[in-house]
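Going by the UniProt record's numbering, 2 is the number at position 2 of the sequence shown; the sequence numbering is gapless.
All residues carry an ideal CB built from backbone N, CA and C; glycine is no exception.
Structure record follows, encoded as structure tokens.
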Amino acid sequence: MSTDAPCYTVVFEDYTETPSTQELRSSLEKGADEDKLDALRKIIVATINGNPQPTLLMPIIQYIMPSKNKQLKKLLHFYWEVCPKYDESGKLKQEMILVVNAIRNDLQHPNEYIRGATLRFLQKISRDIELLEPLIPTVRANLEHRHSYVRRAAVFALHTIHREHPSLVPDAAELLQTFLAAESDASCRRNALVFLANVSLPRAVEWLRSVWDGIITMDEGLQMAVIEVARMDCAHETTHRPRYIRAMFELLSAASHAVKYEAATTLTTLTQNAAAVKAAASSLVTLAAKESDNNVKLIVLDRLDTLRERHGRVLDSLIMDVLQVLSSADMEVRRKAMNIVLSMTSGRNAEEVVLFLKKQLLRTQEQDFDKASDYRQLLIQSIHVLAIRFSEVAASVVHALMEFLGDSNNPSALDVVAFVREVVEKFPALRPAITEKLTNTLSSIRTGRVFRGVLWILGEYIEAPGDIEGTLAEIRKLIGEIPILAAEARAAESGSQGSSDQDGDQTAGSTGGGAGRPRVLADGTYATETAYSAAPARTEASQASKPPLRALILGGDFFTGAVLAAALTKLVLRFEEFTSDKTKANALRAEAMLTMTSIIRVGQSKFVTAQIDEDSNERILGCIQTLSELQGRPEVNEVFLKDTRTAYAKMLGAQEKRAAEKKESETVKEKIVQVDDLLTFRQFSKKSVDDAVDYAEDLGKATGAGEMHEDFISNLSRISQLTGFSDPIYAEAYVKMHGFDILLDVLLVNQTPNTLQNLCLDFATLGDLKLVERPAVYTIAPHGFQSIKATIKVSSTETGVIFGSILWEGHGLTECCVILNDIHIDIMDYIKPAYCNETQFRTMWTEFEWENRVNVSTIMTEPREYLKHVMKSTNMSCLTPEGAMSGDCDFLSANMYARSLFGEDALANLSIEKTESGTIVGHVRIRSKTQGIALSLGDRITMSQRDCKPPI
Numbered sequence: 001m002s003t004d005a006p007c008y009t010v011v012f013e014d015y016t017e018t019p020s021t022q023e024l025r026s027s028l029e030k031g032a033d034e035d036k037l038d039a040l041r042k043i044i045v046a047t048i049n050g051n052p053q054p055t056l057l058m059p060i061i062q063y064i065m066p067s068k069n070k071q072l073k074k075l076l077h078f079y080w081e082v083c084p085k086y087d088e089s090g091k092l093k094q095e096m097i098l099v100v101n102a103i104r105n106d107l108q109h110p111n112e113y114i115r116g117a118t119l120r121f122l123q124k125i126s127r128d129i130e131l132l133e134p135l136i137p138t139v140r141a142n143l144e145h146r147h148s149y150v151r152r153a154a155v156f157a158l159h160t161i162h163r164e165h166p167s168l169v170p171d172a173a174e175l176l177q178t179f180l181a182a183e184s185d186a187s188c189r190r191n192a193l194v195f196l197a198n199v200s201l202p203r204a205v206e207w208l209r210s211v212w213d214g215i216i217t218m219d220e221g222l223q224m225a226v227i228e229v230a231r232m233d234c235a236h237e238t239t240h241r242p243r244y245i246r247a248m249f250e251l252l253s254a255a256s257h258a259v260k261y262e263a264a265t266t267l268t269t270l271t272q273n274a275a276a277v278k279a280a281a282s283s284l285v286t287l288a289a290k291e292s293d294n295n296v297k298l299i300v301l302d303r304l305d306t307l308r309e310r311h312g313r314v315l316d317s318l319i320m321d322v323l324q325v326l327s328s329a330d331m332e333v334r335r336k337a338m339n340i341v342l343s344m345t346s347g348r349n350a351e352e353v354v355l356f357l358k359k360q361l362l363r364t365q366e367q368d369f370d371k372a373s374d375y376r377q378l379l380i381q382s383i384h385v386l387a388i389r390f391s392e393v394a395a396s397v398v399h400a401l402m403e404f405l406g407d408s409n410n411p412s413a414l415d416v417v418a419f420v421r422e423v424v425e426k427f428p429a430l431r432p433a434i435t436e437k438l439t440n441t442l443s444s445i446r447t448g449r450v451f452r453g454v455l456w457i458l459g460e461y462i463e464a465p466g467d468i469e470g471t472l473a474e475i476r477k478l479i480g481e482i483p484i485l486a487a488e489a490r491a492a493e494s495g496s497q498g499s500s501d502q503d504g505d506q507t508a509g510s511t512g513g514g515a516g517r518p519r520v521l522a523d524g525t526y527a528t529e530t531a532y533s534a535a536p537a538r539t540e541a542s543q544a545s546k547p548p549l550r551a552l553i554l555g556g557d558f559f560t561g562a563v564l565a566a567a568l569t570k571l572v573l574r575f576e577e578f579t580s581d582k583t584k585a586n587a588l589r590a591e592a593m594l595t596m597t598s599i600i601r602v603g604q605s606k607f608v609t610a611q612i613d614e615d616s617n618e619r620i621l622g623c624i625q626t627l628s629e630l631q632g633r634p635e636v637n638e639v640f641l642k643d644t645r646t647a648y649a650k651m652l653g654a655q656e657k658r659a660a661e662k663k664e665s666e667t668v669k670e671k672i673v674q675v676d677d678l679l680t681f682r683q684f685s686k687k688s689v690d691d692a693v694d695y696a697e698d699l700g701k702a703t704g705a706g707e708m709h710e711d712f713i714s715n716l717s718r719i720s721q722l723t724g725f726s727d728p729i730y731a732e733a734y735v736k737m738h739g740f741d742i743l744l745d746v747l748l749v750n751q752t753p754n755t756l757q758n759l760c761l762d763f764a765t766l767g768d769l770k771l772v773e774r775p776a777v778y779t780i781a782p783h784g785f786q787s788i789k790a791t792i793k794v795s796s797t798e799t800g801v802i803f804g805s806i807l808w809e810g811h812g813l814t815e816c817c818v819i820l821n822d823i824h825i826d827i828m829d830y831i832k833p834a835y836c837n838e839t840q841f842r843t844m845w846t847e848f849e850w851e852n853r854v855n856v857s858t859i860m861t862e863p864r865e866y867l868k869h870v871m872k873s874t875n876m877s878c879l880t881p882e883g884a885m886s887g888d889c890d891f892l893s894a895n896m897y898a899r900s901l902f903g904e905d906a907l908a909n910l911s912i913e914k915t916e917s918g919t920i921v922g923h924v925r926i927r928s929k930t931q932g933i934a935l936s937l938g939d940r941i942t943m944s945q946r947d948c949k950p951p952i
């Protein structure tokens, strides 16, 4: 005989054409087993759909019940579950006596799996006491069956029956205690212990006391039941708490990961002892490191983070064990583990943590390292946080991180630049060493964004004249020969002449250094073709051989050229401030001006594919004018040498303030009462006006009078009219957002003198909305009311529309229909203000592909008021610091950010200007990963502009 229970899969198909009752009866009576199966399926589906067909009950009893086909027997259990068992008066049908007798026979069947399947079926009809009462003796007899499968099913069948009808098994506690004492199968003991704990907890504890020493050797399921009994017993006053704690300590070393997790969780609820908390946390860390399922890792890490928040620095000694979780390949697990590590790091272990992270950073350079670029960026950001928080480790990591400035992974290099920039601002003692290292690292940088950050740091924080000369010399090497345009022309000419020497076919006019043959341009004018303009295209090898800054400028990156001009200006002005050598200062100024002029000449020539933009051109010209005409003026030195550094310091202060406010808002502060604080009794104190006010407030809170409740007036704003007042049926819906669900409470009013039969409210959705279940069919009396509720699931922040119709049977069984008005879902209920740093904003702005540009058209006249209006209408937070928007200016640019409940990001950039006539012009650019959010937010801004009130 097989030892495994057979598994039968029953498929219910939706039959569009339901056969007649006579056809079904014929199939049940004369058909083969396959025909009977098909007929019984159709009967079950019809019964579920509201057509029970009671006349077929007796044929099923006659022709299906005696069958020995296992699939028919299994399907028959489904039918007994859904078929009407009571007549119109509420009494049990006479035919069900035969059904009870057949179930009793199955409970006594020699095949143990038929017995087990029947016992499991009894749990589904546990509410029908008249059916179950004759079967109780047979169910109890199955507790002594030789096969554990039957005994296990019998225990749970009795458990379900006793939960619904305790009078049917009055001696359940004694029965289960006797069963536990004699049972040897682990799964049966587990079921019996769960049953006994719910029936009589003291008896379950008594049995548990008899097996204290064997808990660690028990089966996994039984150990889980023991943990549950311990929780239930400790919820009340018990003398066994110390023994439970020791048992949980033992179960922390169990082989099952589920048992370890439950034991650790239970242990922290039984005691707040530091040793117990530490042991539980250690077990959780081991689970997070060894478990293969990433979802389990995340759950365990969440539990560990909760322990850390509750018990403070007790778990700090486990920080090196938590770091082992970083070996996981999943980036989400690594991020969560890293967040826990950052929160557990203190001054005592900061150096160990940073040393470990530095080793991991070096490992990411290996070719076979999984997700090296993302992991490297995470490590750099974490080291950044630790170095800023603990100044003693900043010096040891800043030089190691600067090795990654030439990293091909641009986000990692940008994180390093942001880190170095913050370190040199906050730790002045480290500036000379850092700037010297940056100067030596310039030659390894290849990307313009990294160059811009490094050049800004060098221009702001190098102060010694000797260091300034060394930096200018290093920058000169990175630019190469200047003027750039003339040097490139000479190089092109020599390259063309060399090719002419090799190929005798070329004419001297095309390769000579002077003017060649004339050419007719597109507008009809003549131009002279020189060797420079006819130079062959530069190969990738020749481009790669050029100095990095020169290659960027020739490639059209004039923004980097503008930053270079500002850095050169700052260095020259600072050199003049700290030295008396006018000759050397004039030489450095002349060389800087030549470099800037050379960049402008390159941008204005046809040698490069992209011309210099207006902003960069104006910025470089301003720097040239500063060095040539305005040097030595105090206000110029103030702007270049102090204002930019002050602005950066203010930005850092604003970021720290915002982070502190966010942390404070997330942390629930509990009022700490010391043991020696005085107790105040209002009855014994002198009455005063303040005491009376406080007492009234406390009394209101205690009675719940101060709580806000939804009133009828506020609910009116969420009511949508679905039909007209002249329609046969008036319908309106109250729309309520509840998390990820939309709850519709629809009121239907029959405005006709006729009874509306088989009325069905049919909803459909557009967007990422899904109707959970179809409303049932109703019958509404003349001028009657009917309330129908429907639930709709929301899976993303997209523009959603709910539409539908009302169908019912009119006179002569004709089908009548009323089309409902559409319900538009407001996505603002799912978008909440959020915060991200500048680097994250720029990264997402670059990655997101969907953009919606909305032109500003408003009657408002103040740019800051318009910004507040947009933030309020879109639920977005402003990332631009208040200091950057302060002052009297007619131009305003601000970045905004929001995040949906589904984890979707929404970015916006507002650029507006106040014209001379007093109106505001400009645009709002919205970017997101999905099209729906960008379009919906754009529509929201457009509608909000129409609702703007005129200025007072």
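Around the C-beta of residue i, are 16 or more other C-beta atoms found within 10 angstroms, so that it is buried, or is it exposed?
i	result
Pro-465	buried
Val-772	exposed
Arg-127	exposed
Arg-152	buried
Ala-587	exposed
Arg-940	buried
Gly-603	buried
Asp-33	exposed
His-869	buried
Ala-247	buried
Leu-442	buried
Tyr-86	exposed
Glu-849	exposed
Ala-894	buried
His-162	buried
Ser-283	buried
Hey, how far is the Cα of residue i from the Cα of residue j?
i	j	result
residue 953	Leu-107	No answer is possible for residue 953: it lies beyond the span of the chain, which begins at 1 and ends at 952.
Thr-55	Leu-135	26 angstroms
His-147	Val-99	25 angstroms
Glu-422	Arg-619	25 angstroms
Gln-757	Asp-293	53 angstroms
Thr-646	Leu-652	10 angstroms
Leu-485	Thr-595	11 angstroms
Leu-935	Lys-358	44 angstroms
Leu-386	Arg-899	27 angstroms
Trp-845	Glu-250	52 angstroms
Ile-600	Ala-565	11 angstroms
Trp-207	Pro-66	44 angstroms
Write down the C-beta distance between residue i and residue j rounded to the nearest angstrom, noting that I regard them as a contact closer than 8 angstroms.
i	j	result
Ile-61	Glu-95	6 angstroms
Thr-597	Gly-556	Not confirmed; about 18 angstroms, so no contact.
Between the beta-carbon of residue i and the beta-carbon of residue j, is there less than 7 angstroms?
i	j	result
Arg-589	Leu-552	no
Ile-227	Glu-183	no
Ala-39	Ser-27	yes
Thr-266	Arg-231	yes
Ala-197	Val-229	yes
Leu-748	Ile-719	no
Met-860	Met-876	no
Asn-852	His-923	no
Whole runs of the alpha helix (DSSP H) within the segment 540–575, excluding any shorter than 4 residues: 540–545 and 548–554
Entirely enclosed alpha helix (DSSP H) segments - the segment 80–120, minimum 4 residues: 95–107
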